Amino acid sequence: MSVSDRYDCDVLVIGGGIVGLSTAYAITRAAPGTRVTVLEKEHAPARHQTGRNSGVIHSGIYYRPGSLKARFAVEGAAEMVKFCAEYGIPHEVTGKLIVATGREELPRLHALVQRGRENGIPVRELGPAQISEYEPRVRGLAAIHVGTTGIVDYGAVAAKLADASGARILYGSAVTTIDRRTWGVAVRTAAGRVVRGRVLVNCAGLHCDRVALLAGDDPEMRIVPFRGEYYELADPSLVRGLVYPVPDPAFPFLGVHLTRGIDGGVHVGPNAVPALAREGYGWSVVRPRELAGTLAWPGSWAIARAHWRYGAGELHRSLSKRAFTEAVRRMLPLVEERDLRRAAPGVRAQAVLRDGTLVDDFLIRESVRTVHVLNAPSPAATASLPIGREVAGRALALL
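Right under this line is the structure:
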């Protein structure tokens, strides 16, 4: 038996979301002939974070200069537009407004202008009359226009990455056991299938910490799932493009915003409430073992103590459509409760350290014959092509 016959593949990727598929795509582009297998527990790609977000191609304006998020979002936005153009995937560079509706938000808005410029992003400052030129029905004291923001269907992007990568993708393959040996890595699925590779890449998103533990590595963080709930506007003509509030820098969520999708509809949201399961897309979805794991992590309680006031407001908006509507009315005063219809929610996989620190950058760690992607929430879809190259480079170096 030759050395290559011992393995089913050279690189074994766990997770068929946009980051895992971008990694597979980058590997086969960088090293043609490298055999890549992707294990995805669902029966199609992009069933969770990738396929349940607002479809925004983020500019990178929010992220700390020099961070992976800033660098990869700026690079990734431009590359995503080129990728979509190359493969005929519907997309649009729309630009967006970030609107201050209270005086206390003005210093934070000005700080965003500076941050955008430090990240190399063109930003235009607007007064109230200029806001109306972009969005006649939106009201605010001041705003900034970010021209490089766009929209796309990331599910379609993921499907194209899967096809263009040339990787073998095994759907319905939930991983139950990982065995690292001197010769490589063997993974067993719930169906009893064993797949052997020389290097393992963990892109399991909502389950990445659990996969790391299965591999024998302590990730020193845990995923705490936050559900984002959306509505859609019954009358999408109320908004021309994308309208965001000024975010609170103390929390890694952007607040309730208005996003015109590639299909012409306008999503409103999301809020951010604790999910009672890793894939807890509603209050009725409770998985006791997963919930117990979240509650057993000291960082979860530290978050609750530090951010209870913010969390209470998000919970109120989850349980009260009136409260959610009031959050929207700060920017779009014409909206009434009857104008909002429930839309599909999503769950954000947020890495939390033991002391309660919310990991605010992408987190990629290496171990023996293994690369773990341990924090890849928004803007990971935007940044998926450069993230994929980064992870691919690390994986190829381990071969």
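Reminder that position 391 of the sequence shown reads as 396 in the working numbering, one-by-one numbering, no gaps. Glycine included, C-beta positions come from ideal geometry on N, C-alpha and C. Predicted, not measured: the structure shown is a model, and the values here were computed from it.
Query, Result
"Given residue 262 as reference, the closest of 385, 256 and 271 once Cα atoms are compared", "271"
"Whether residue 275 touches residue 341 by CB criterion (7 angstroms)", "no"
"Nearest candidate by alpha-carbon position, reference residue 338, set 144, 129 and 135", "144"
"Given residue 222 as reference, the closest of 85, 202, 379 and 59 once Cα atoms are compared", "379"
"The region 175-186 in contact with the region 38-45 per 3-pair CB rule at 8 angstroms", "yes"
"Selected residue, minimal CA-CA separation from residue 121, among 68, 226, 110 and 142", "68"
"Pairwise C-alpha distance: residue 132 and residue 334", "19 angstroms"
"Where the beta strand (DSSP E) containing residue 233 begins and where it ends", "227-238"
"Three-state secondary structure (DSSP) of residue 378", "strand"
"Beta-carbon spacing of residue 289, residue 229 below 7 angstroms", "no"
"Residue 63 and residue 391 closer than 7 angstroms at C-beta", "no"
"Residue range of the alpha helix (DSSP H) that includes residue 67", "Looking at the DSSP string, residue 67 is not in any alpha helix (DSSP H), and its letter there is neither H nor E."
"Option in 314, 157 and 173 with minimal Cα separation from residue 13", "173"
"Test item: CB-CB of residue 159 and residue 356 under 7 angstroms", "no"
"Limits of the alpha helix (DSSP H) - the one that residue 115 falls within", "111-123"
"Per-residue DSSP class, three states only, for residue 267", "coil"
"Meets three-Cβ-pair contact criterion under 8 angstroms: the region 28-41 and the region 354-370", "no"
"DSSP three-state assignment for residue 355, whether helix, strand or coil", "strand"
"Enclosing beta strand (DSSP E) for residue 202 [first to last residue]", "199-207"
"Selected residue, minimal CA-CA separation from residue 118, among 109, 110, 90 and 128", "128"
"Contact belief for residue 154 with residue 99 at Cβ below 8 angstroms, rounded distance in angstroms", "6 angstroms"
"Simplified DSSP assignment, three categories, for residue 22", "coil"
"Endpoints, alpha helix (DSSP H) assigned at residue 140", "It is not in any alpha helix (DSSP H) - residue 140 carries neither H nor E in the DSSP assignment."
"Same chain, Cβ closer than 7 angstroms to residue 194, neighbours up to 5 away in sequence not counted", "44, 178, 179, 180 and 181"
"Whole-angstrom distance between residue 165 and residue 280, CA atom to CA atom", "30 angstroms"
"Residue of 59, 73, 17 and 19 minimising C-alpha distance to residue 236", "59"
"Cβ-Cβ distance between residue 24 and residue 381 below 7 angstroms", "yes"
"Other residues of its chain near residue 250: CB distance less than 6 angstroms, five sequence neighbours each side excluded", "260"
"7 angstroms Cβ cutoff met for residue 26 and residue 167", "yes"
"Under the three-state DSSP convention, the category residue 38 falls into", "coil"
"Coarse secondary structure for residue 321, derived from DSSP in three states", "helix"
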